[in-house]
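Visitor: Taken in order, the sequence shown gives residues -12 to 151; the numbers are from this note's numbering.
Would you mind keeping the following structure in view while I ask a few things?
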Amino acid sequence: MAKKIGVLTGGGDTSALNATLKGIALKAEELGFELVGFMEGWRGVLKGGHYFTLTPDLIDENRGGTLLKSSRTNLIKDGKLDEAVSNLKKLDISGLIPIGGDDTLTVGTALSDQFTTTFVTKTIDNDVGINPPEGDAVDYSKMVNYFCPGFPSSANRVINYVQD
């Protein structure tokens, strides 16, 4: 039986999300993993949430936005972290790939004790960086990130606005 990895997109939308999902789906397929796409960010992980097997042929990497849709659900603030863990275990998910900004990745960090987690930073603010050394707390003032999907779109919009 193939290992199952869950992927989701949280927070605001950016043009690079489907291309990012396509790359993840292609690599999962190459490695023989089943990729489970959770709809509407962390909301899709909760009981009654929507999810499906995400294969490369379902994703149009040239279309902006995210096939998985997005939400600003925060399992920590909503007190739903235990429910999410239970549902992920029932689905036999062994790894997670949350794509999002600081809110989405904070939830991913909380789940990383129980699931192998790989973060894809995505933010127009370009304010999410590297993971801290093991055992250290996240210190946003020391994060370094040279490029996030979503940031170039925002920067170009500002440049175009100023030039006009």
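Glycine included, C-beta positions come from ideal geometry on N, C-alpha and C.
1) Below 8 Å between beta carbons: does that hold for Ala6 and Leu41?
2) Who are the near neighbours of Phe25 in its chain, counting only those whose CB is closer than 8 Å to its CB and skipping five residues on each side?
3) If you count every other CB in all the chains shown that lies within 10 Å of the CB of Glu27, and 16 or more means buried, which is it?
4) For Leu83, which beta-bridge partners are listed by DSSP?
5) Please report the straight-line C-alpha distance between Phe20 and Leu8, rounded to a whole angstrom.
6) Please classify Gly51 as buried or exposed, where buried requires at least 16 neighbouring CB atoms within 10 angstroms.
7) Can you tell me the Cα-Cα spacing of Thr108 and Pro85, whole angstroms?
Guide: Straight from the coordinates:
1) no
2) In chain order, Gly(-7), Val(-6), Leu(-5), Gly31, Val32, Gly36, His37, Tyr38, Leu55 place their CB closer than 8 Å to the CB of Phe25, counting only its own chain and leaving out the 5 sequence neighbours on each side.
3) buried
4) Gly(-7), Thr104
5) 14 Å
6) exposed
7) 8 Å
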